[in-house]
Amino acid sequence: MTTKPSSLSPSRTTCASLLRELQLIWDEIGEGDSERDKMLLQLEQECLDIYRKKVEMTRKYRADLHQSLADGQAQITAIASALGEAASYSRERGTLKDQLSAVKPILDDLSLKKEKRVKDFSAVQSQIVRISAEIAGNGVSKNVGDPGVNERDLSVRRLGELQSHLEELHKEKVLRLQKVNTHVNTIHELSVVMSIDFSKTVNEVHPSLSDHSSAHSKSISNDTLARLTALTNSLKQEKQQRLQKLQDPGSKLIELWNLMETPIDEQKIFDHVTMLISSSVNDVSRQGCLSLDVIEQAEVEVERLNILKASKMKELVFKRQNELEEIYRGVHMDVDSDAARQILSSLIDSGNVNLSDLLSSMDDQIIKAKEQALSRKDILDKVEKCIFAFEEEKWLDEYEKDENRYSAGRGAHKNLKRAEKARILSGKIPSIVETLTAKVKAWEIEKEIPFLYDKVPLKHTLEEYTAQRQEREEEKRKSREQKRLQEQHNAEQEALFGSRPSTKKPLGQSTNANTMVGTPISRRTPLGRHGVSAGKERRESGRVHNLTPVNYVALPKDDSVSRRN
Numbered sequence: 372m373t374t375k376p377s378s379l380s381p382s383r384t385t386c387a388s389l390l391r392e393l394q395l396i397w398d399e400i401g402e403g404d405s406e407r408d409k410m411l412l413q414l415e416q417e418c419l420d421i422y423r424k425k426v427e428m429t430r431k432y433r434a435d436l437h438q439s440l441a442d443g444q445a446q447i448t449a450i451a452s453a454l455g456e457a458a459s460y461s462r463e464r465g466t467l468k469d470q471l472s473a474v475k476p477i478l479d480d481l482s483l484k485k486e487k488r489v490k491d492f493s494a495v496q497s498q499i500v501r502i503s504a505e506i507a508g509n510g511v512s513k514n515v516g517d518p519g520v521n522e523r524d525l526s527v528r529r530l531g532e533l534q535s536h537l538e539e540l541h542k543e544k545v546l547r548l549q550k551v552n553t554h555v556n557t558i559h560e561l562s563v564v565m566s567i568d569f570s571k572t573v574n575e576v577h578p579s580l581s582d583h584s585s586a587h588s589k590s591i592s593n594d595t596l597a598r599l600t601a602l603t604n605s606l607k608q609e610k611q612q613r614l615q616k617l618q619d620p621g622s623k624l625i626e627l628w629n630l631m632e633t634p635i636d637e638q639k640i641f642d643h644v645t646m647l648i649s650s651s652v653n654d655v656s657r658q659g660c661l662s663l664d665v666i667e668q669a670e671v672e673v674e675r676l677n678i679l680k681a682s683k684m685k686e687l688v689f690k691r692q693n694e695l696e697e698i699y700r701g702v703h704m705d706v707d708s709d710a711a712r713q714i715l716s717s718l719i720d721s722g723n724v725n726l727s728d729l730l731s732s733m734d735d736q737i738i739k740a741k742e743q744a745l746s747r748k749d750i751l752d753k754v755e756k757c758i759f760a761f762e763e764e765k766w767l768d769e770y771e772k773d774e775n776r777y778s779a780g781r782g783a784h785k786n787l788k789r790a791e792k793a794r795i796l797s798g799k800i801p802s803i804v805e806t807l808t809a810k811v812k813a814w815e816i817e818k819e820i821p822f823l824y825d826k827v828p829l830k831h832t833l834e835e836y837t838a839q840r841q842e843r844e845e846e847k848r849k850s851r852e853q854k855r856l857q858e859q860h861n862a863e864q865e866a867l868f869g870s871r872p873s874t875k876k877p878l879g880q881s882t883n884a885n886t887m888v889g890t891p892i893s894r895r896t897p898l899g900r901h902g903v904s905a906g907k908e909r910r911e912s913g914r915v916h917n918l919t920p921v922n923y924v925a926l927p928k929d930d931s932v933s934r935r936n
């Protein structure tokens, strides 16, 4: 019996040993040579198939490595091109695996750069889309989605262009936001001044304008800006119209207050109205000062005062007339009071005259009268001094005619002192009259009208006084000469016939029966305290006529004469 060979260890098994073992098995079996050759040929074919398959697999693996290497290189080239960079690798001559190992880190680095660049592009484009939408007013959400990045051009140049565009959009947004805020602030100021609901007003333009929370940005679209501009202009025009509506009744209030002499306390109630009369529209900023309620209150007050004006106007007119007459009387100017008052009363009752114009005319006349009174003041002061000098001169004449003036009666000492002062003053009268006459002439030349003093031309009175004084001086001179001649004659008679006793009057008896114990009664002066003498008034009465001025208020007679001349 043939012994079966022991199995060989797998680790030491070779193709030859297996073939020997197969020969031994065939020998033991008794397999023929043809059969053996057939089986060996089959084994050889199977081995070839296995080798062929393995070679094909290896060849395919090599092709895959080539493809991977080519793909990696292509990706590097594409990514570098998209990033705008040059490929930063060199082709090595090593094995395929070595070449792949060299390409992989470069590709990974470029892929990371690309991913980051895509994120940068996406962020910039998202902001561009969002801001553009805000400007266009399309209502795109703040968290806008991926705008779609063009990965074929991720260059720094393109990113810079987008960032520049984004910066321009940011600037445009800031400018628009400033414009919006300016319009909103202006609308708020106008709303405060005119008491308009601000929130409701701007909410009609865009709801975001009345929302003060930071969660929602204000609309900056073209439509919003256009509507804000229109609203601002409309409110400014409304403010101008309201100011005009308030200034008109404000001016009427002041006019009516002045006409009716309304107390200051009552006027203060409408200070907020009258203070705006001369204000420009840009100066008006106080809260509620142009509200419809304020305008209505002013208009109602004007209506009320107009009703009161009719009843008080007549009283005011005559009050002005009284003031005018007092001014004229105070400076000795003639006033035709009765005629003026009668005409004024008839005009007011007829209703054919504008009372405001009449009062204004009377106010002008009062101003003119005050100017005339002021121009006469210097002359009138000198007239008073002149009158006093005349009175003292007359008193001195009476005093010197009293033969008992040196008696020791009551008041004799005071009369002596007064007489001393009167003599000094009497000596100054010619220069006083001359100075006064010169001033009157200068005044008449300047004003081209005569200077009337209580209806009489003052210059004529002064000239008459000068003539009368000269006559009195001449009479005194003749009296002294006659007395001297009489005394001379008496002396001659005494020398011829001797002296004769003279008849003496009783002690205390005065040659003037109206004189009391050394105090003579003054006679009429050329210019009395109330004007010239009655005879002078009669002589001049035909020279000056009473005229009523065209504006129906009392005027001085000298003004009337100037008009007649």
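FYI, the numbering for the sequence shown is 372 to 936, going by our numbering. Note that beta-carbon positions come from the ideal geometry of N, C-alpha and C, so glycine has one too. Note that the coordinates shown come from a computational prediction; the quantities given were computed from them, not determined experimentally.
Residue i - DSSP class collapsed to helix/strand/coil
i, result
"valine 551", "helix"
"proline 828", "strand"
"leucine 823", "strand"
"phenylalanine 641", "coil"
"glutamate 575", "coil"
"glutamate 696", "helix"
"valine 655", "coil"
"threonine 557", "helix"
"arginine 523", "coil"
"aspartate 636", "helix"
"asparagine 509", "coil"
"aspartate 568", "coil"
"isoleucine 648", "coil"
"alanine 457", "coil"
"aspartate 662", "Correcting the residue identity first, residue 662 is serine in this sequence and not aspartate. Correct three-state label for serine 662: coil."
"histidine 703", "coil"
Opening and closing residue of the alpha helix (DSSP H) in which residue i lies
i, result
"threonine 466", "No alpha helix (DSSP H) holds threonine 466; DSSP gives it neither H nor E."
"serine 588", "Unbroken run through serine 588: none, as it is neither H nor E."
"threonine 806", "783-818"
"glycine 443", "404-454"
"valine 754", "726-772"
"glutamate 392", "386-400"
"arginine 712", "708-721"
C-alpha distance - residue i paired with residue j, whole-angstrom precision
i, j, result
"aspartate 825", "leucine 676", "42 angstroms"
"cysteine 386", "aspartate 435", "32 angstroms"
"lysine 468", "glycine 455", "28 angstroms"
"phenylalanine 822", "aspartate 705", "11 angstroms"
"leucine 419", "methionine 410", "14 angstroms"
"glutamine 857", "serine 850", "10 angstroms"
"leucine 878", "aspartate 768", "With a pLDDT of 39 at leucine 878, under the threshold of 50, the predicted position of this residue should be treated as unreliable, though the coordinate-derived value follows. Near 22 angstroms, if we compare the C-alpha coordinates of aspartate 768 and leucine 878."
"tyrosine 422", "aspartate 398", "29 angstroms"
"isoleucine 816", "glycine 701", "23 angstroms"
"leucine 627", "proline 620", "10 angstroms"
"glutamate 697", "glutamine 853", "52 angstroms"
"arginine 843", "leucine 695", "41 angstroms"
"isoleucine 958", "asparagine 693", "Past the edges of the chain, shown from 372 to 936, lies residue 958, and the structure says nothing about it."
"serine 893", "serine 797", "Caution applies to serine 893, whose pLDDT of 41 falls short of 50 and renders its modelled position unreliable; the value that the coordinates give is listed next. Distance between the alpha carbons of serine 893 and serine 797: 14 angstroms."
"alanine 451", "isoleucine 477", "10 angstroms"
"leucine 395", "threonine 429", "36 angstroms"
"leucine 602", "isoleucine 558", "8 angstroms"
"arginine 840", "isoleucine 758", "14 angstroms"
"leucine 389", "leucine 414", "12 angstroms"
"arginine 598", "serine 570", "15 angstroms"
"aspartate 773", "alanine 783", "12 angstroms"
"isoleucine 714", "glutamate 834", "38 angstroms"
"threonine 600", "glutamine 668", "32 angstroms"
"aspartate 752", "arginine 848", "33 angstroms"
"alanine 744", "tyrosine 699", "7 angstroms"
For residue j and residue i, believed in contact at Cβ under 8 angstroms, the rounded distance
i, j, result
"alanine 561", "leucine 606", "The residue you asked about is not alanine; residue 561 is leucine in the sequence shown. The Cβ separation is near 4 angstroms, so the contact holds."
"proline 555", "lysine 610", "One point to set straight first is that residue 555 is valine, not proline, in the sequence displayed. Incorrect: roughly 16 angstroms between the Cβ atoms, too far for contact."
"glutamate 522", "valine 551", "Contact doesn't hold; Cβ gap of about 37 angstroms is too wide."
"alanine 793", "tryptophan 766", "6 angstroms"
"isoleucine 591", "lysine 544", "6 angstroms"
"glycine 443", "valine 474", "4 angstroms"
"leucine 630", "leucine 687", "6 angstroms"
"lysine 799", "alanine 760", "7 angstroms"
"valine 573", "leucine 614", "Their Cβ separation, rounded to whole angstroms, is 22 angstroms, which puts valine 573 and leucine 614 out of contact at 8 angstroms."
Test: residue i CB closer than 7 angstroms to a CB of chain C
i, result
"glycine 621", "The chain inventory of the structure shown lacks chain C, comprising one protein chain alone."
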